[in-house]
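For reference, the structure discussed in these notes is given below.
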Amino acid sequence: MSRITIDPITRIEGHLALDIEVQDSKVKEAWASGTLFRGFEIVLKGRDPRDAYHISQRICGVCPTSHAHAASLCLEDAAGIHPPDNGRLVRNVVEGAQFLHSHILWFYHLAALDFVDVVAALDAKPTEQSLKNVQAKLKAFVQSGQLGPFANAYWGHPAYKLPPDLNLLAVAHYLEAIDKQAQASAVSAIFGGRMPMTMTTPAGGSVHIPTVDDISNMLPRLQQLRDWVNDVYIPDVLAIAPYYLDYAGIGKGPANFLAWGVFDDPSFDSKKRLLPSGIVMNGSLKAQEINQQKVTEDVTRSWYKNGKPLHPSVGVTDPDFTGWDFDKKYTWAKAPRYGDEPMETGALARMVVAYAKGNETAKNLIDGTLSQLGVSGKPEVLFSVVGRIAARALETKMVADATVDWTQQILENIKAGKTATFTDYTMPEHAQGAGLWEAPRGALAHWNQIEGRRLANYQVITPTCWNISPRDGKNVQGPIEQALIGTPVEDPKRPLEILRVAHSFDPCLACTVHVIDPSSNEVYNVRVA
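Residue numbering for the sequence shown follows our numbering, beginning at 1013 and increasing consecutively.
Next up, the structure:
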């Protein structure tokens, strides 16, 4: 048996370590460790509740907008208000732009290089001049002894399967995607004031009043992004996936899915959001309505003072680092549970919930994609690495289409004289609120407790906290830990297969790699691109 310690994992946000036991060239056991203490809950205690909108965005530089909106919803829930229609639409557009930015970033710059062999692209025989130019740049990198942004990876690993021409095309689109990210950020900044750390959508709606000039600046960018998703992103996924259909049977996890829902309609009912709230258990594809009162956080294996599992509304963040011990405590991440069950969150969870609830758009996209991949009638293949990649691409299309529609609705409202974007409110003396929303990476929730118009308590459960949660008091593993079990590992010195599973969740953390081979006691220091 071999023991692999990957610490930290790169091409993610933040600090994640994976400890893996490999037996007979497969993962037998896995431990996921969040190695950075957050502590924002402590920072927020005692502050004006409105501060949470600005401070909580600093939890994450990749999805700050989602934290902003979860904090806004949390205070709106406590104050008993909703924004006017244009305030709702502005929030949706700003959030939608962030989703587009994040999804494009994740696929092309964080996950695709697990499947695309950049160096093998040098063997392609391109006919288009643009591809010849990309290949020439790669050759220049190689000849100089460097690979620039493509350095320190496992190029040439036998698990890479794409033909050279497809590798080159993917590399070209990797470079195009950098510009598309910038376009999405620009859209967010037009309404949000800046990106990252949006400034204009606090509790109450939007303090930015959209103009016709804003729409004229924004709409062509969104239409270009929508077209690029349809013409490049989706075709890339469909072109690459057939070479890796074995990963439709790898990385399943518990197949329990949770989504709070995201992108409000005029009813502000989470069940009617573009991507609705709900849960799906045991891969049944039968949706249930969600009850946030069933959520608890367990700290049995986490570096916090011991206590019984608590609902976040009365949660406690009391750090107590006791050292690494995989039989006891090994992470700063708590273990969120829904009715004692570990739950996967993310684009796959949202699309599975939407599919199970009969969302026609999600159902048509998923069924059509399964048909194109030759696995029609086998929705269980969704519960995998390939499923996560496909679901995120399809969700990107849904969000791109909807964001264009919301922008056009804002323009119609402006022409009709419906320009209100903000609802005034009085800060409650005593109240409690919950902001149940989604970040690109999955279910995000904020809870506040207001006493004397100050924050007596504030708790956050991020998407990755669900996904990288450790074993709980019943010794039940979290989703990534479960998903890694059974993953093939051809070469412990180059654990590409493990990275494919981990990256499919897009964990919001970051790492370096140390690989230990117990049979020889040799320690390998490995840098992962």
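Glycine included, C-beta positions come from ideal geometry on N, C-alpha and C. Only a predicted model underlies this, so the values are computations on that prediction, with no experimental measurement involved.
With DSSP as the reference, label ALA1368 as helix, strand or coil.
Mapped onto the sequence shown, residue 1368 falls at position 356. Three-state result, ALA1368: helix.
Once you ignore the five residues that flank ARG1023 on each side, which residues in its own chain have a CB closer than 6 Å to its CB?
If you number the sequence shown from 1, residue 1023 lands on position 11. So the qualifying residues of the chain are LEU1122.
Under a CB-based cut-off of 8 Å, is ALA1432 close to chain C?
Any reference to chain C falls outside this structure, which holds one protein chain only.
Any heavy atom of the ligand ADP within a distance shorter than 7 Å of the CB on LYS1375?
Ligands in the displayed structure: none, and consequently the ligand ADP is not present.
DSSP on GLY1380, reduced to helix/strand/coil?
By 1-based counting over the sequence shown, the position of residue 1380 is 368. DSSP, reduced to helix, strand and coil, places GLY1380 within a helical segment of the structure shown.
Quick one: what does DSSP say TRP1418 is sitting in, helix, strand or coil?
Looking up residue 1418 in the sequence shown gives position 406. TRP1418: helix per DSSP, three-state reduction.
Would DSSP call ASP1248 helix, strand or coil?
Position 236 of the sequence shown holds residue 1248. The three-state reading of DSSP puts ASP1248 in helix, counting H, G and I together.
Straight-line CA distance for GLU1088 to ASP1276?
Counted from its first residue, the sequence shown places residue 1088 at position 76. Counted from its first residue, the sequence shown places residue 1276 at position 264. Computed Cα separation, rounded: 14 Å.
Using the C-alpha atoms, what's the distance from ILE1246 back to LEU1112?
Along the sequence shown, read from residue 1 onward, the residue named residue 1112 stands at position 100. Along the sequence shown, read from residue 1 onward, the residue named residue 1246 stands at position 234. Approximately 13 Å between the Cα atoms of the pair.
Contained alpha helix (DSSP H) runs [length at least 4] in the segment 1215-1245, N- to C-terminal order
Complete alpha helix (DSSP H) runs here, min 4: 1224-1240.
In three-state terms, what does DSSP make of ALA1468?
Counted from its first residue, the sequence shown places residue 1468 at position 456. If DSSP states are grouped into helix, strand and coil, ALA1468 belongs with the strands.
Applying the criterion that 16 or more other CB atoms from any shown protein chain within 10 Å of the CB defines a buried residue, is GLU964 buried or exposed?
The chain is shown from 1013 up to 1541; residue 964 falls before or after that span and cannot be answered.
Determine the direct distance from the alpha carbon of THR1419 to that of ASN1104, and round the result to whole angstroms.
The residue given as residue 1104 occupies position 92 in the sequence shown. The residue given as residue 1419 occupies position 407 in the sequence shown. Their Cα atoms are separated by approximately 9 Å.
Proximity to LYS1057 [Cα-Cα], best of TYR1470, PRO1331, SER1200 and PRO1504
For the purposes of this step, residue 1057 is identified with residue 45 of the sequence shown, where counting begins at 1. For LYS1057, the nearest C-alpha among the options comes from TYR1470.
Whose CA, out of GLY1429, ALA1124 and PHE1052, lies closest to the CA of ALA1405?
Taking the first residue of the sequence shown as 1, we reach residue 1405 at position 393. Ranked by Cα distance from ALA1405, the options GLY1429, ALA1124 and PHE1052 are led by ALA1124.
Per-residue burial, SER1480 [other beta carbons within 10 Å of its own, 16 or more giving buried]:
Counting from 1 along the sequence shown, the entry for residue 1480 is found at position 468. According to the sequence provided, residue 1480 is Ile. The question's Ser does not apply to it. Buried.
CA-to-CA distance, HIS1081 to ALA1090, given in whole angstroms:
Working through the sequence shown from its first residue, we reach residue 1090 at position 78. Working through the sequence shown from its first residue, we reach residue 1081 at position 69. Going by the C-alpha atoms only, they are around 14 Å apart.
DSSP state of ASP1503 mapped onto helix, strand, coil:
Start at 1 with the first residue of the sequence shown, and residue 1503 comes out as number 491. The three-state secondary structure of ASP1503, taken from DSSP, is coil.
Could you have a look at TRP1272 and say whether DSSP puts it in helix, strand or coil?
In the sequence shown, counting from the first residue as 1, residue 1272 sits at position 260. Three-state DSSP puts TRP1272 in coil, outside helix and strand.
Taking a contact to mean a Cβ-Cβ separation below 8 Å, would you say PHE1085 touches VAL1146 in this structure?
Here residue 1085 corresponds to residue number 73 of the sequence shown, with the count starting at 1. Here residue 1146 corresponds to residue number 134 of the sequence shown, with the count starting at 1. The displayed chain sequence assigns Leu, not Phe, to residue 1085. No. Outside cutoff.
Would ASP1110 pass as a contact of PRO1452 if the rule is Cβ separation under 8 Å?
In the sequence shown, the residue the question calls residue 1110 occupies position 98. In the sequence shown, the residue the question calls residue 1452 occupies position 440. The displayed chain sequence assigns Gln, not Asp, to residue 1110. Pairing GLN1110 with PRO1452 gives a Cβ-Cβ distance under 8 Å.
Give me the Cα-Cα distance between PRO1061 and MET1293, rounded to the nearest whole angstrom.
Residue mapping note: residue 1061 aligns to position 49 of the sequence shown, counting from 1. Residue mapping note: residue 1293 aligns to position 281 of the sequence shown, counting from 1. Each residue's alpha carbon lies about 35 Å from the other.
Where DSSP assigns a beta bridge to SER1045, which residues make up the other side?
Taking the first residue of the sequence shown as position 1, residue 1045 is located at position 33. Checking the DSSP bridge columns, you'll see SER1045 partnered with ALA1029.
Which two residues bound the contiguous alpha helix (DSSP H) that contains TYR1543?
Because the chain spans 1013 through 1541 in this model, residue 1543 falls outside it and cannot be assessed.
Just the C-alpha distance for PHE1204 and ASN1460, rounded to the nearest angstrom, thanks.
Residue mapping note: residue 1204 aligns to position 192 of the sequence shown, counting from 1. Residue mapping note: residue 1460 aligns to position 448 of the sequence shown, counting from 1. Rather than Phe, the amino acid found at residue 1204 in this sequence is Gly. Between the alpha carbons of GLY1204 and ASN1460 lies a gap of roughly 24 Å.
Rounded Cβ spacing between TYR1342 and PRO1482 (contact assumed at less than 8 Å)
As a working note, residue 1342 is residue 330 in the sequence shown. As a working note, residue 1482 is residue 470 in the sequence shown. Correct: roughly 6 Å between the Cβ atoms.
Quick check: the segment 1416-1434 against the segment 1201-1219, are at least 3 beta-carbon pairs closer than 8 Å?
Pairwise C-beta distances place the segment 1201-1219 in contact with the segment 1416-1434, as three or more of them are shorter than 8 Å.
Same chain, Cβ closer than 6 Å to ASP1031, neighbours up to 5 away in sequence not counted
The residue labelled residue 1031 in the question sits at position 19 within the sequence shown. Hits under 6 Å: THR1017 and TRP1043.
From GLU1441 to ARG1362, what does the alpha carbon distance come to, in whole angstroms?
On the sequence shown, residue 1441 is found 429 positions in, with the first residue counted as 1. On the sequence shown, residue 1362 is found 350 positions in, with the first residue counted as 1. Taking the straight line from one Cα to the other gives about 36 Å.
Taking 6 Å as the limit between beta carbons, can you name the residues of its chain near VAL1472, skipping five residues before and five after?
Translated into the one-based positions of the sequence shown, residue 1472 becomes position 460. Around VAL1472: HIS1458.
For ILE1462, the residue or residues it bridges with in DSSP:
In the sequence shown, the residue the question calls residue 1462 occupies position 450. Beta-bridge annotation (DSSP): ILE1462 is paired with ALA1443 and LEU1467.
Does VAL1130 come out as helix, strand or coil in the three-state DSSP assignment?
Locating residue 1130 in the sequence shown gives position 118, where the first residue counts as 1. VAL1130 sits in coil when the DSSP states are folded into three classes, being neither helix nor strand.
Going by DSSP in three states, VAL1039 sits in which element: helix, strand or coil?
In the sequence shown, residue 1039 corresponds to position 27, counting from 1. DSSP, read as helix, strand or coil, puts VAL1039 in strand.
With a 10 Å radius around its C-beta and 16 neighbouring C-beta atoms as the bar for buried, classify MET1011 as buried or exposed.
This structure gives no information on residue 1011, because the portion of the chain shown stretches from 1013 to 1541.
Tell me the DSSP bridge mates of ARG1050?
Locating residue 1050 in the sequence shown gives position 38, where the first residue counts as 1. ARG1050 is not bridged to any residue.
Return the Cβ separation of PHE1269 and VAL1364 in integer angstroms, given the expectation that the two are a contact with Cβ distance under 8 Å.
The residue given as residue 1269 occupies position 257 in the sequence shown. The residue given as residue 1364 occupies position 352 in the sequence shown. That pair is a contact at about 5 Å.
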